[in-house]
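**Student:** The structure follows.
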Amino acid sequence: MFAGLALAVAALLVQARAAPQPEQVPEPEPPKVFVNAARDSEWHSYRRAYQAARFFEPYLRTRPLIQAHMQIRPLRPDVPMEGLRVQIVGETTNVEIAVDEIGRAVLPMLKTAFDEDAVLRLNRQKGHYAFSGRYSIREKADGIYPSAELRAACAQLIDAQRVSGYRFRLLGKHCAGVKFVYRLSGGPPRVLHRDAAGTERLLPMSEGQPFENNTMGRYKVALYRFADWPADGVVFTETKPVALGTLYE
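When we follow my numbering, the leftmost residue of the sequence shown carries the number 53, and every step to the right adds one.
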């Protein structure tokens, strides 16, 4: 009897081993979450930028050697400035604004965008850039800057800053020179001074800030300090600068 029972149990075990095992169903992958970059991008009110551009206009009318831009300003010196793009986005407005190598842009004055309360959308995530205004000296296509013109441009710029709200910050400051600003990448730029006798000398080049704000990062700066050069010379650039800033002391 026991022998028969043992044989029956053994037969059941053999059948259990031989029976096909159920297929293992793989666990479902967790859903992928995609972040909408436009939703999280840095932005600014078009109306506020429009009003700021209108505010600057009177200070430029009698100061033809300087200009004013909307400035995309990094909040830290290590934030990159390459590839910046700005779009004006509203209910019916979608316009892209050109941004130069140092983050400046000319704001188009669009009534429709103003009425729609459009936004300026930067192609970068929030928290790394800010929108502001920027005075600078006008660059010249021929690259020739008479010394007297550079002195006059610096005087126009500091005067415009004073009358447009920066009087106390500039208290006791005076124009000491002009900065010819270049990107760190690329070959060494050549900026020369030619005196009345025709003698040419290179301006000193170093790494430094392009403007007064110290978050703009490092650039190559050829400094034309007025006290170091004769008043009747000419500065000329063999390589076009990305901007002309000022030195105050």
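Each residue gets a CB set at the ideal place from its N, CA and C atoms; glycine is no exception. Keep in mind the model is a prediction, meaning the values are calculated, not measured.
#1: Assuming Leu172 and His96 make a contact with CB atoms under 8 Å, what is their CB distance in whole Å?
#2: Taking Tyr181 as the reference, which of Arg137, Asp211, Val294 and Ala207 has the closest Cα?
#3: State the DSSP-derived secondary structure class of Leu127, mapped to helix, strand or coil.
#4: If you measure from the CB of Leu255, is any heavy atom of the ligand COA nearer than 6 Å?
#5: Please classify Thr298: is it buried, with 16 or more other beta-carbons within 10 angstroms of its beta-carbon, or exposed?
#6: Looking at Leu255: is its Cβ nearer than 7 Å to the Cβ of Tyr276?
#7: Whole angstroms are fine: how far does the CA of Ala104 sit from the CA of Ile210?
#8: Output the boundary residues of the beta strand (DSSP E) element that contains Leu254.
#9: Please tell me whether Pro116 and Gly269 are closer than 7 Å, where the distance is taken between their beta carbons.
#10: In the DSSP assignment, find the unbroken alpha helix (DSSP H) run with Pro110 in it and report its ends.
#11: Among the residues of its own chain, which have a CB less than 6 Å from the CB of Phe86, if the five just before and after it don't count?
#12: Taking Cβ positions, are Thr267 and Pro126 nearer each other than 7 Å?
#13: Could you compute how far the alpha carbon of Lys178 sits from the alpha carbon of Tyr300?
#14: Quick check on the burial criterion: 16 or more other C-beta atoms within 10 angstroms. Buried or exposed for Lys163?
#15: By a C-beta neighbour count over all protein chains shown, 10 Å radius and 16 as the cutoff for buried, is His226 buried or exposed?
#16: What first and last residue would you give for the beta strand (DSSP E) that runs through Glu310?
#17: Per DSSP, Val139 is paired with what?
**Tutor:** This is what the structure gives:
#1: 4 Å
#2: Arg137
#3: coil
#4: The ligand COA is not part of this structure, which contains no ligands at all.
#5: buried
#6: yes
#7: 18 Å
#8: Glu252 to Leu254
#9: no
#10: Tyr98 to Arg113
#11: Low confidence applies here, because Phe86 scores a pLDDT of 29, under 50, leaving its location unreliable; read the following figure in that light. Here the set comprises nothing.
#12: yes
#13: 32 Å
#14: exposed
#15: exposed
#16: This structure cannot settle anything about residue 310, because the visible part of the chain is limited to 53 through 301.
#17: Sequence inspection shows Gln at residue 139; the Val mentioned does not correspond to that position. Answer by DSSP bridge pairing, in chain order: Glu148 and Arg173.
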